[in-house]
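For reference, each letter of the sequence shown is one residue, going 33 to 138 in our numbering.
Glycine is no exception: its CB is placed at the ideal position from the N, C-alpha and C atoms.
Small disclaimer: the values here were computed from a predicted structure and weren't measured.
The structure under discussion appears below in the form of structure tokens.
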Amino acid sequence: DLCFVAASLRIERSLELFSIRYTEVTISQVTTLQESRMPELEPPFRPREKLLELQRYFQNVHKHTYLKGRYDAVTSVGIPLALAASSLFLIGRGVYNMSHGIGKKD
């Protein structure tokens with residue numbers, strides 16, 4: 033029976049240190065061993081030297097995490113301040129208009 037033979041595949045190994053002569057390996061274990069090998073390395077997105085330089089920079093900067101990047105102050109501080117200022121202006125204008133009856137429909 034070919035399926036039975038394939039399912040109980042025996043691989044002969046001679047390991048002197050552990051004195052193991054026969055090891056039973058199923059097909060699923062063989063395929064997982066073949067799949068677990070390292071794939072061929074892809075070329076990096078950035079040069080390694082540039083990555084090491086950026087790592088050194090970010091590890092040595094004594095700022096909060098959200099302010100470490102080049103444009104992080106703009107996105108983490110500037111934009112929220114602009115939104116807060118514009119919303120306060122619009123709220124103030126609405127309060128002024130309501131208190132003076134501007135835009136009231138009869």
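Rounded separation between residue i and residue j - CA only
| i | j | result |
| --- | --- | --- |
| Thr97 | Glu81 | 23 Å |
| Tyr103 | Asn92 | 17 Å |
| Ala105 | Tyr128 | 33 Å |
| Glu85 | Arg78 | 11 Å |
| Ser108 | Pro76 | 30 Å |
| Ala116 | Met130 | 21 Å |
| Asn132 | Ile123 | According to the sequence shown, residue 132 is His rather than Asn. Going from the Cα of His132 to the Cα of Ile123 covers about 14 Å. |
| Ile111 | Asp138 | 39 Å |
| Leu120 | Gly126 | 10 Å |
| Gly135 | Leu113 | 29 Å |
| Lys95 | Tyr89 | 11 Å |
| Gly101 | Glu74 | 27 Å |
Residue i classed as buried or exposed, judged by whether at least 16 other C-beta atoms fall within 10 angstroms
| i | result |
| --- | --- |
| Val37 | Confidence is the limiting factor: at Val37 the pLDDT is only 46, short of 50, which leaves the residue's position unreliable and the question unanswerable from this model. |
Pick out the complete alpha helix (DSSP H) segments inside the region 75-128, 4 residues or longer, and give them in chain order. 80-92
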